[in-house]
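Peer 1: Below are the structure tokens for one structure; questions will follow.
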Amino acid sequence: MNPTLIAGFCRLYSMMLYAYPAGFRRDYADPMKQLFRDRCRDVARTAGALHILRFVTLVVTDWMRTAIRERAAGFWNAGREQRRHSSVTEWAGTILIYLFATTTLVQAYVIPSGSMEGSLLVGDHVLVDRTAYADPGSLGRHIMPYRDVQHGDIIIFSYPEDVRETYVKRVIGVPGDRIRMERGQVIRNGRRLVEPYTQHIAAYPDNYRDNFPQAPNASTMPRGRDMLEHYVVNGELVVPPGMLFALGDNRENSEDSRYWGFVPRSYVIGKPLAVYWSFDAPGEDLKEWSLGHVVDVTTHFFTRTRWNRMFMVPQSQNAEERP
Amino acid sequence: MPKNPSPRELLPLTPPVFHILLALAEEERHGYGIMQDVARQTDGALQLGPGTLYGCLKRMLSAGLVEEAEERRDPSLDDERRRYYRMTPFGRRAVRAEAQRLAGAVTVAMSRLAGEHA
């Protein structure tokens, strides 16, 4: 487990601590954070993925139980000590925090296609950090660490052609960038990118895919056509404000911005925090849980789980630029 | 400042409280040190999460079983200051009473289950 992941966990944990009553937090939040970090470091140094999973489960169950218990303690003591702070609102606070944590901060997501192979495999179950690219506003920026989407970031976003679907790709172009591709290589603002994270497996040559931008062809989606019509200047694609140009790492086998256009910045959901489980199964099975898939998982859980991918962190990685 | 003059009124101690006291029987420890020692004592059967640990310590402080020692660094970890806890004489009496109670319970268990072992 690497330091980035530990830092991510610690950040999530310090937010989870808001479920405890204010008084308890004031007295114990700091040592609890310290203990959590110490334990993470020790586990990372000495033990395998299974131990980390066990520790995470322990912390989450401990959190749910004791946050409620400390609230209850405040409630029972209220009669004796400070009647005014007993309160339904405190309880509502805890429940809200639970809901907030499970819906806003993180989200589970399964990789359904091989377009990011090299970084993410079909069947990787990833935890998505939803806070990473959510602009917390001018006030929130002081509290939350915030950095905008940058070159090389892996992003999870709503698929622009159908927002019910969620895609994962790597950011190649941000607003103002000029992008083109020559024989499968990206040239950004006149500089050739050396992208160590890509995988090139070309089943067949495809002029549109490898030498971009071109006139739209049969596989270009409506938004892709719109992009090619309006944003190509002198044979280069110019990324407009509020948009991102994203490609899959499995460059020759990826349906990405080349086909369906830009990703609006506001469609970005978050960044992958870590793979928490990786199960070798066909992509279609992973989109919806069928009875067959449940049986498949139960019978092959141990053999088809890719244990070595557990707690792997998909990394942002910027390409090297060569003139 | 113990509110209970007799430790007997606190018995039986809950397993976390009992093992936290045992962890502090020989030396002062910080939270993470207590957590590790409790896991060692119980062969890993009792893993205290941060919420359980500090919730217990809070109640044990107000019951006068433990007290806070001064904050200091732990050379085996890093440079940060950590809050240490120490057992009070009242805490020592309580854990001793609990150990006696458990010893009594074990004697009863042994005699009643003796036939099954032979």
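Line by line, the protein sequences give chains P and Z.
Residue numbers for the first sequence follow this note's numbering, so the first one is 1 and each next one is one higher.
Residue numbers for the second sequence follow this note's numbering, so the first one is 1001 and each next one is one higher.
The beta carbon of each residue, even a glycine, is placed where N, CA and C say it ideally should be.
So who's on the other strand from residue 1030 (chain Z), going by DSSP bridges?
Peer 2: Z:1084
Peer 1: Given a threshold of 16 other Cβ atoms within 10 Å of its Cβ, counted over all protein chains shown, does residue 256 (chain P) qualify as buried or as exposed?
Peer 2: buried
Peer 1: Quick one: measure Cβ to Cβ for residue 119 (chain P) and residue 156 (chain P), integer angstroms, because I've assumed they're closer than 8 Å.
Peer 2: Residue 119 (chain P) to residue 156 (chain P), Cβ: 13 Å. No contact.
Peer 1: Which first and last residues belong to the beta strand (DSSP E) in which residue 278 (chain P) is found?
Peer 2: 268-278
Peer 1: With a CB to CB cut of under 8 Å and the five nearest residues on each side skipped, what residues in its chain are close to residue 1041 (chain Z)?
Peer 2: Contacts found: 1019, 1022 and 1023.
Peer 1: For residue 1016 (chain Z), name the three-state secondary structure that DSSP assigns.
Peer 2: Correct three-state label for residue 1016 (chain Z): helix.
Peer 1: Three or more C-beta pairs closer than 8 Å, one from the stretch 120-129 of chain P and one from the stretch 272-279 of chain P: is that the case here?
Peer 2: yes
Peer 1: With 9 Å set as the bound, which would you pick, yes or no: does the beta-carbon of residue 1042 (chain Z) sit closer than that to a beta-carbon of chain P?
Peer 2: no
Peer 1: Just the C-alpha distance for residue 131 (chain P) and residue 197 (chain P), rounded to the nearest angstrom, thanks.
Peer 2: 25 Å
Peer 1: Give every residue of the same chain whose Cβ lies closer than 6 Å to the Cβ of residue 129 (chain P), excluding the five residues on either side of it in the sequence, and list them in chain order.
Peer 2: Taken in chain order, the residues that qualify are 270, 271 and 273.
Peer 1: According to DSSP, what are the bridge partners of residue 157 (chain P)?
Peer 2: Its beta-bridge partners are P:167 and P:268.
Peer 1: Contact check, residue 199 (chain P) vs residue 1080 (chain Z) under 8 Å by CB: the rounded distance?
Peer 2: The C-beta distance from residue 199 (chain P) to residue 1080 (chain Z) rounds to 42 Å, too long to meet the 8 Å contact threshold.
Peer 1: Assign residue 124 (chain P) to one of three DSSP states: helix, strand, or coil.
Peer 2: strand
Peer 1: Could you give the first and the last residue of the continuous beta strand (DSSP E) run that contains residue 186 (chain P)?
Peer 2: 185-188
Peer 1: So, for residue 173 (chain P): in the same chain, excluding its five sequence neighbours on each side, which residues have a beta-carbon less than 7 Å away from its beta-carbon?
Peer 2: 179, 188, 239, 244 and 245
Peer 1: Buried or exposed, going by whether 16 or more other CB atoms sit within 10 Å of the CB of residue 190 (chain P)?
Peer 2: exposed
Peer 1: Going by DSSP, what residue range makes up the alpha helix (DSSP H) through residue 199 (chain P)?
Peer 2: Per DSSP, residue 199 (chain P) belongs to no alpha helix (DSSP H) and is neither H nor E.
Peer 1: Where does residue 311 (chain P) sit, in a helix, a strand or coil, going by DSSP?
Peer 2: Look at residue 311 (chain P) here: in three-state DSSP terms it is coil, with no helix or strand label.
Peer 1: Taking 9 Å as the cut-off, decide whether the C-beta atoms of residue 1065 (chain Z) and residue 1091 (chain Z) are in contact.
Peer 2: Cβ distance < 9 Å, so residue 1065 (chain Z) and residue 1091 (chain Z) count as in contact.
Peer 1: With distances taken from CA atoms, which of P:69, P:40 and P:73 is nearest residue 57 (chain P)?
Peer 2: P:40
Peer 1: Output, in sequence order along the chain, the residues in the stretch 1072-1083 of chain Z whose CB is closer than 7 Å to any CB in chain P.
Peer 2: 1077, 1080, 1082 and 1083
Peer 1: Closer than 8 Å by beta-carbon distance: list the chain Z residues that pair up with residue 311 (chain P), in chain order.
Peer 2: Correct list: empty, because the minimum Cβ distance to chain Z is about 19 Å.
Peer 1: When the Cα atoms are used, what is the spatial distance from residue 1012 (chain Z) to residue 1031 (chain Z)?
Peer 2: 23 Å
Peer 1: Using DSSP with H/G/I as helix, E/B as strand and the rest coil, what is residue 328 (chain P)?
Peer 2: Because residue 328 (chain P) is not part of the residues shown, which for chain P are 1 to 323, the question remains open.
Peer 1: State yes or no: is the C-beta of residue 126 (chain P) within less than 9 Å of the C-beta of residue 259 (chain P)?
Peer 2: no
Peer 1: Would you mind working out which of P:211, P:204, P:264 and P:36 sits nearest residue 171 (chain P), comparing C-alpha positions?
Peer 2: Closest in C-alpha terms to residue 171 (chain P), from the list P:211, P:204, P:264 and P:36, comes P:264.
Peer 1: From what residue to what residue does the beta strand (DSSP E) around residue 181 (chain P) run?
Peer 2: 178-182
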